[in-house]
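A.B. asks: Note that the numbering used here has the sequence shown beginning at 2, numbered continuously upward.
Quick one: the structure is below, questions incoming.
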Amino acid sequence: MSSPAFQVPSSRLGVLMVVSGPSGTGKTTLCRKLCDAGEAIFSISCTTRAPRTGEVDGKDYFFLSEDEFVRRIEQGEFFEHAEVHGRRYGTLKSFVKDNLMRGVDVMMDIDVQGAAQVRACLDELVQQCLVQVFVLPPSSEELGQRLFGRGTENQAALDLRLTNAIAEMEHWPAYDYALVSGTRESDYERFKSLLVAQRMRCELQR
Ligand code: 5GP
2 MSSPAFQVPS SRLGVLMVVS GPSGTGKTTL CRKLCDAGEA IFSISCTTRA PRTGEVDGKD
62 YFFLSEDEFV RRIEQGEFFE HAEVHGRRYG TLKSFVKDNL MRGVDVMMDI DVQGAAQVRA
122 CLDELVQQCL VQVFVLPPSS EELGQRLFGR GTENQAALDL RLTNAIAEME HWPAYDYALV
182 SGTRESDYER FKSLLVAQRM RCELQR
């Protein structure tokens, strides 16, 4: 007797992982590490802030002048954009959708305002692929120490980041997942497990 035929999905859409959380929670490191391991592709944002020591244009960010950033807003080139810590940041449209269609998982390390824009986006592909993760610090004391320990900011910038961190923390309930930061190893393990699980979502299968 021959078995009845059925179709098994042979490809899928990519996962769009939107990751937010206050500066100093290690969210960028988490995203970068997963991308460096070849698990996903990092969405390189545009920004008007100055490069930090060691940051490379086109790898960490596309560093743009204020005029160039505004020109791109006017041309409708951004998927989302926001002002964060007094500087502009934004994600270019074409990059995200092209990769999702090709089944490549995309990692977006963006602030809560940008995440709200993505959440509100009516694009069917984006809504199908979207998963939102908020990375929380284990405590406010620990966050202060982690931010201070980075040594990449002057005191005024650090104060602004701490103030903004407190405001950003109010937004975590709007996300799908809350990752409370512990050790680097356990953060990475949980983060990667989440991506692996999301890839199996039925609506992504083709
Ligand atoms: P940093 O200056 O430390 O690299 O990033 C500052 C904040 O800007 C972080 O919370 C980061 O997630 C956010 N950010 C980076 N790129 C983007 C972007 O393209 N859009 C938005 N909305 N936020 C971004």
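Note that beta-carbon positions come from the ideal geometry of N, C-alpha and C, so glycine has one too.
No experiment lies behind these values; they were computed from the predicted model shown.
Terminal residues of the continuous beta strand (DSSP E) containing Met201?
C.D. replies: No beta strand (DSSP E) contains Met201, which DSSP labels as neither H nor E.
A.B. asks: Helix, strand or coil, according to DSSP, for Phe135 in the structure here?
C.D. replies: In the structure shown, Phe135 sits in a strand (DSSP, three-state: E or B).
A.B. asks: Is His86 near ligand 1, with its Cβ less than 7 Å from a heavy atom?
C.D. replies: Within the cutoff, so yes.
A.B. asks: Measure the alpha-carbon distance for Glu75 versus Thr49 and round it to whole angstroms.
C.D. replies: Going from the Cα of Glu75 to the Cα of Thr49 covers about 16 Å.
A.B. asks: Return no unless some Cβ of chain D is closer than 8 Å to the Cβ of Val181.
C.D. replies: The chain labelled as chain D is not found in the depicted structure, where only one protein chain is given.
A.B. asks: By DSSP, does Gln152 sit in helix, in strand, or in coil?
C.D. replies: According to the sequence displayed, residue 152 carries Gly and not Gln. Correct three-state label for Gly152: coil.
A.B. asks: Are three or more beta carbon pairs between the stretch 83-96 and the stretch 111-120 nearer than 8 Å?
C.D. replies: With a cut-off of 8 Å, the stretch 111-120 and the stretch 83-96 count as touching, because enough Cβ pairs lie within range.
A.B. asks: Is the distance from the Cβ of Glu81 to the Cβ of Gln129 below 8 Å?
C.D. replies: No, Cβ-Cβ distance for Glu81 and Gln129 is not below 8 Å.
A.B. asks: For Val105, which residues from the same chain have a beta carbon less than 6 Å from its beta carbon, with the 5 sequence-adjacent residues on both sides left out?
C.D. replies: Same-chain partners within the cutoff: Gly15 and Ile42.
A.B. asks: Which of helix, strand or coil does DSSP assign to Ala51?
C.D. replies: Coil, per DSSP.
A.B. asks: Any idea which residues DSSP pairs Met18 with across the strands?
C.D. replies: Met18 is bridged to Met108 and Val132.
A.B. asks: Can you tell which of Gln8, Arg120 and Lys193 has the C-alpha that lies nearest to the C-alpha of Arg207?
C.D. replies: When each option's Cα is compared against that of Arg207, the closest is Gln8.
A.B. asks: Can you give me the Cβ contacts of Cys36 inside the same chain, cut-off strictly under 7 Å, excluding the 5 residues immediately before and after it?
C.D. replies: Around Cys36: Ile42, Phe43 and Met108.
A.B. asks: Would you mind reading off the limits of the beta strand (DSSP E) that contains Val57?
C.D. replies: Where Val57 is concerned, there is no enclosing beta strand (DSSP E), given that its DSSP letter is neither H nor E.
A.B. asks: For Ser182, is the beta carbon positioned less than 7 Å from some heavy atom of ligand 1?
C.D. replies: No, ligand 1 has no heavy atom inside 7 Å of this Cβ.
A.B. asks: Pick helix, strand or coil for Glu75, following the three-state DSSP scheme.
C.D. replies: Three-state DSSP puts Glu75 in a helix.
A.B. asks: Who are Ile42's beta bridge partners in DSSP?
C.D. replies: Answer is Val107, bridged to Ile42.
A.B. asks: Taking the DSSP output, what are the residues bridged to Val181?
C.D. replies: DSSP, once it has assigned bridges, lists Leu137 as partnering Val181.
A.B. asks: Between Thr54 and Ala6, what straight-line distance do the alpha-carbon atoms span, to the nearest angstrom?
C.D. replies: Between Thr54 and Ala6, the C-alpha separation is close to 59 Å.
A.B. asks: Going by C-alpha distance, which of Asp68, Lys193, Ser95 and Val181 is nearest Phe79?
C.D. replies: It is Ser95 whose Cα lies nearest to the Cα of Phe79.
A.B. asks: Which partner residues does Ala1 have in the DSSP bridge list?
C.D. replies: Residue 1 cannot be examined here, being either before or after the span of the chain that is shown, 2 to 207.
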